[in-house]
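Position in the sequence shown (first residue = 1) + 4 = this note's numbering.
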Amino acid sequence: MRWNSVYGKLLKFKRSNRHITGTIAGCAILLSLVWIFSTYQVLLSMTTPSQLLTDPFLQMPAENSVRVVWFTEFAGSRHTVIYGKDLNKEVIATTTQLSRTREDSRSQVKGQTKDNLIFTQPTIRKIWRHEVKVENLILGERLPYYVASVREDGEKIDSAVFTLRSAPSEKQALKILLTSDHQLMPMTAANLEKVVETVGKVDAIFHAGDLVNIPDRASEWFDDDRGGAFFPCLQGRARYELEKNDVKTVYKGGELIQHAPLFTTIGNHEVMGRFSMESSLNEQLYDAYPRTAAQQLYPTEDETGLKNNSFNTDTYEEIFTLPESHKGRKKYYAVTFGDVRLVVPFITNVWRIESLNADAKGRYREREQDLNNPAAWGYGQHIPEPIVKGSVQYNWLEKELNSPEFKQAKYKIVMFHHPPHTLGGNIVPAYTDPVQIIERNADGNIQAIRYEYPKEADYIIRDVVPLLEAAGVQLVFYGHSHLWNRFINSQGMHFLETSNVGNSYGAAVAEKPRKVPAGYQEDYAATGNPNGLEPVMPTIAPILDENGQPVPYIASNDLTVFSILETGAGVVSSYYFDTRLPQSQVVKFDEFKLKVPAITQQ
Ligand SMILES: [Fe+2]
C-alpha cells in the first residue's frame with residue numbers, strides 16, 4: 005500500500021509537472037551521452053597509436069616538385085605537409101589504405117615474441133598511406149618540411165623537421181647510395197648508420213631489390229620488434245642489437261630517405277605468391293604460380309582474381325611512388341636524376357631451393373607427392389615479367405635506350421635485381437623460362453618432373469646485355485646473391501653487385517661450390533661466374549683469405565659493404581665496416597671510374 009501510494013504520488017507529480025520531468029530526462033540523456041563520448045575518447049586514445057608509423061620520405065623528384073609520403077596506423081581526419089623557409093606553407097595529403105598488408109604466425113610485432121602467440125593465421129593490418137606533391141619548388145633549393153597527422157580524437161601528431169628538394173640540375177655533383185637486399189638482415193642497420201657517418205646525407209638511394217623478406221607482412225616494412233624493419237633502418241629509427249664476440253651494439257640505421265629520394269626495383273622478395281588467409285605468409289611468398297598455369301586451372305576475367313591465383317607486386321606498388329612506363333607502370337621505368345639516366349627493368353625470377361630431394365619443390369624438380377597434382381607444382385624458377393627479345397618489356401627497354409633522355413645523359417646506369425655476372429649462388433641456373441621435362445613409365449604414369457635451363461637462352465646475357473653494350477651503358481647495378489663483387493667487359497661497361505649489406509650467402513668458390521644437379525642435360529656451374537667475365541680485384545684494399553692472399557670479393561657475415569656513386573668525379577667507391585670491431589673505422593677498399601664518352605663530357 006505504501007509503495008503504491010508513493011508511485012501514485014510520483015505519477016501525479018509527473019502529470020502535473022510534465023515540463024520538469026522532461027528536463028530531468030533530457031539532462032540524464034545528455035549526461036549519458038557525455039559519459040559515453042568521454043569513455044570512447046579514453047578508449048580511442050588508449051588504442052590509437054601516439055606516433056606516426058614512419059617518418060616522411062621523399063619520392064619522385066621532378067623539375068619543380070617532389071612527393072612526400074608517410075604512413076599511419078590510423079585513418080585520421082587531416083594529414084598535411086608543412087614546408088617553406090618559415091614553415092608557413094601547408095598542403096593536404098591524399099590518403100589511401102594498403103590493401104594486402106597482414107601479420108601472421110611468424111610476425112614479430114605487437115607483443116608476438118614467438119610464433120603463433122597472437123596471430124595464429126594471416127590477419128589484415130590496417131595501414132594508411134599519405135602523399136603530398138609539393139610543387140612550385142625552385143630547382144636545387146633545399147627547404148625544411150615536416151608532416152602532421154590528426155587522429156580521429158583530434159590529437160595532432162607532428163614529425164620532426166627534415167629537408168626536401170626537387171630534382172637536382174644536370175650540373176650538380178651528387179652522392180648516390182647503391183644498396184640492395186636489406187631484408188631485415190642482421191647488419192643492415194649498422195650498414196646504413198655507417199653510410200651517414202662516412203659520407204653524410206646522400207642525394208639519392210638506388211635500391212636494387214629485396215627490400216624485405218615477405219612483402220605482405222606489414223611489420224617487416226614498419227615496426228618489426230627486433231628493430232630492423234625497412235623504414236626504420238633507412239630513417240635512422242632502427243634499434244637493432246647486433247652481438248659479436250659477446251659484445252652487443254645497438255645500431256639505429258641512417259636518416260637518409262627523409263631528405264633524399266629512394267628509387268627501387270623489384271626483387272624476388274617483392275613478388276607475393278597465391279593469396280590465402282589460411283597458409284602462412286612465408287608459404288605464400290614461395291607459392292608464386294605462373295599466370296598461364298593459373299588461367300588454365302582457375303579461368304577468370306578478373307585481374308585481382310588472376311593475381312590472387314598466381315602472384316602480385318601490389319604491396320610494393322602501393323607503398324612506393326615511382327616513375328612509370330606506359331605498359332610496365334611502376335614495375336619498370338626510367339628516370340633522369342641530375343646527370344644520371346637510371347633505367348630500371350623488372351628482372352627477377354621466383355627463387356626456389358637447389359635441393360634434389362624427393363620433397364623439394366625446387367628449381368630443378370617437383371616434389372614426388374605432387375607429381376599428379378599440377379595445382380601444387382612450383383614450375384621451377386619461373387619469370388614473372390618477360391624480358392625475352394620481342395616481349396613488351398624488351399621493346400620498352402630498346403625504345404628507352406634510343407630515347408633522347410637516355411642518349412643525352414652523362415651517366416647511363418641500369419639497375420635490376422638478378423645478376424648478369426657474379427660469384428654468388430643465385431646466378432645458376434640461367435635466367436630463362438624453365439623447360440619442364442615430364443618422365444613417364446611404360447604405363448604413362450609420371451615418374452619425375454624436372455626443369456632444365458638452357459644456358460644459351462639466358463635472356464639477360466643473350467638479349468639484354470648486348471642492348472646495353474650497344475647503348476653505351478657505363479654501369480649495370482644489381483643484387484640478389486648477398487656479396488660484393490664487380491666485373492668489367494671489353495668495352496669498359498662495369499657490372500657491380502654490392503649486396504653484402506645485411507648478411508652473405510657466400511661466393512661459389514672451390515671450398516664452397518654451388519649445389520648443382522648431376523646427370524641433367526645442362527652443365528650447371530658449381531663455381532665461379534658462369535657467364536665468363538672474371539671478377540676484378542678491389543683497387544685499394546682487398547680483403548685477404550686465410551692464406552693471406554687477396555680475394556676479388558667480399559662474402560661475409562661480419563663485414564658489411566656499401567657503395568657510393570659520386571657523379572662529380574664519375575667514381576664508384578666501395579667501403580666495408582667490420583661489425584666485430586664496433587669502434588673501428590670504415591675502410592674504403594675499392595674505387596673505379598665510369599667512362600664518359602667525349603660527346604657527353606661537360
Ligand atoms: Fe633476391
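Virtual Cβ for every residue (Gly too), placed ideally from N, Cα, C.
Q. How big is the Cα-Cα spacing for LEU427 and ASN533?
A. 5 Å
Q) Hey, would you say HIS211 sits closer than 7 Å to THR183, going by beta carbons? A) yes
Q. Between PHE566, ASN561, GLY483, which lies nearest to ASP214 when the distance is taken from Cα to Cα?
A. Of the listed residues, the one whose Cα sits closest to ASP214 is GLY483.
Q: Please write down, chain order preserved, every residue whose beta carbon lies under 5 Å from a heavy atom of ligand 1.
A: ASP214, GLY271, ASN272, HIS484
(Q) Residues in the same chain with beta-carbon distance under 6 Å from PRO521, minus the five sequence neighbours each way, listed in chain order, please. (A) LEU360, TYR368
Q | Residue interval of the alpha helix (DSSP H) (run including ILE323) | A | 318-323
Q. Which one of GLU515, ARG243, HIS263, ILE261 has the shortest CA to CA distance from VAL254?
A. ARG243
Q. Cβ atoms of HIS83 and THR167: under 7 Å apart, would you say?
A. no
Q.
Counting only C-beta atoms, is LEU471 closer than 7 Å to chain B at any point?
A. In summary, chain B is missing from the structure at hand, where a single protein chain is found.
Q: Report back the beta-carbon spacing between ILE417 and LEU479 to the nearest angstrom; my notes put them in contact at under 8 Å.
A: 5 Å
Q: Inspect the beta-carbon positions of ALA475 and LEU405 and report whether they are closer than 7 Å.
A: yes
Q) Using the C-alpha atoms, what's the distance from ALA446 back to GLY271? A) 42 Å
(Q) Using the Cβ count rule (16 or more neighbours within 10 Å means buried), how would you classify MET281? (A) exposed
Q | Which of helix, strand or coil DSSP assigns to LYS179 | A | In this structure, LYS179 counts as strand in the three-state DSSP scheme.
Q. For ASN482, which residues does DSSP report across the bridge?
A. Here the sequence assigns Tyr to residue 482, which means Asn is not the residue at that position. DSSP, once it has assigned bridges, lists GLU501 as partnering TYR482.
(Q) Can you look up ILE261 in the DSSP assignment and give me helix, strand or coil? (A) Coil, per DSSP.
Q) By DSSP, does SER20 sit in helix, in strand, or in coil? A) In this prediction, SER20 has a pLDDT of 49, which is less than 50 and means its spatial position is unreliable; what the coordinates show is noted afterwards. The answer is helix: DSSP assigns SER20 an H, G or I state.
Q) Out of curiosity, what's the CA-to-CA distance linking SER588 and GLU247? A) 15 Å
Q | Touching by the beta-carbon criterion (3+ pairs, under 8 Å), the region 327-344 and the region 500-515 | A | no
Q. CB-CB under 6 Å to ALA362, same chain, minus the five flanking residues each way: which ones, in chain order?
A. Excluding sequence neighbours, ALA362 sits near GLU372.
Q: Tell me ARG348's beta-bridge partners as DSSP assigns them.
A: At residue 348 the sequence reads Val, which differs from the Arg that was named. VAL348 is bridged to TYR337.
Q | alpha helix (DSSP H) segment containing TYR398, residue limits | A | In this chain, the alpha helix (DSSP H) harbouring TYR398 covers 396-405.
Q) Could you give the C-beta distance for SER567 and SER560, rounded to a whole number, given that I count them as a contact under 8 Å? A) Incorrect: roughly 15 Å between the Cβ atoms, too far for contact.
Q) For VAL590, which residues from the same chain have a beta carbon less than 8 Å from its beta carbon, with the 5 sequence-adjacent residues on both sides left out? A) LYS198, GLU201, THR202, TYR579, TYR580, PHE581
Q. If you drop the 5 nearest sequence neighbours on each side, which residues of the same chain put their C-beta closer than 6 Å to that of SER329?
A. TYR336, TYR337, TRP400
Q.
In whole angstroms, give me the CA-to-CA distance for TYR150 and TYR528.
A. 53 Å
Q.
I'd like the span of the beta strand (DSSP E) that includes ALA208, first residue to last.
A. Per DSSP, ALA208 belongs to the beta strand (DSSP E) from 208-211.
Q: Would you give the residue range spanned by the alpha helix (DSSP H) that TRP225 belongs to?
A: From DSSP, the alpha helix (DSSP H) with TRP225 extends over 222-226.
Q | Closest Cα partner of THR531 within the set PHE226, ARG518, THR543, TYR524 | A | ARG518
Q) Candidates ASN449, GLN63, ARG133, ARG278: which alpha carbon is nearest VAL354's? A) ARG278
(Q) Measuring only the C-alpha atoms, how far is LEU326 from SER170? (A) If you take the alpha carbons of LEU326 and SER170, they lie about 14 Å apart.
Q. When the Cα atoms are used, what is the spatial distance from SER163 to ASP59?
A. 6 Å
Q) According to the neighbour-count rule (16 or more other Cβ atoms, all chains shown, within 10 Å of its Cβ), is ARG584 buried or exposed? A) exposed
Q.
Going by DSSP, what residue range makes up the beta strand (DSSP E) through GLU274?
A. First-last for GLU274: undefined, no H or E at that position.
Q.
Suppose you measure from the CA of VAL72 to the CA of PRO408; what does that come to, to the nearest Å?
A. 29 Å
Q. What residue from ASN507, ILE544, GLU515 has the CA that sits closest to THR564's CA?
A. ASN507
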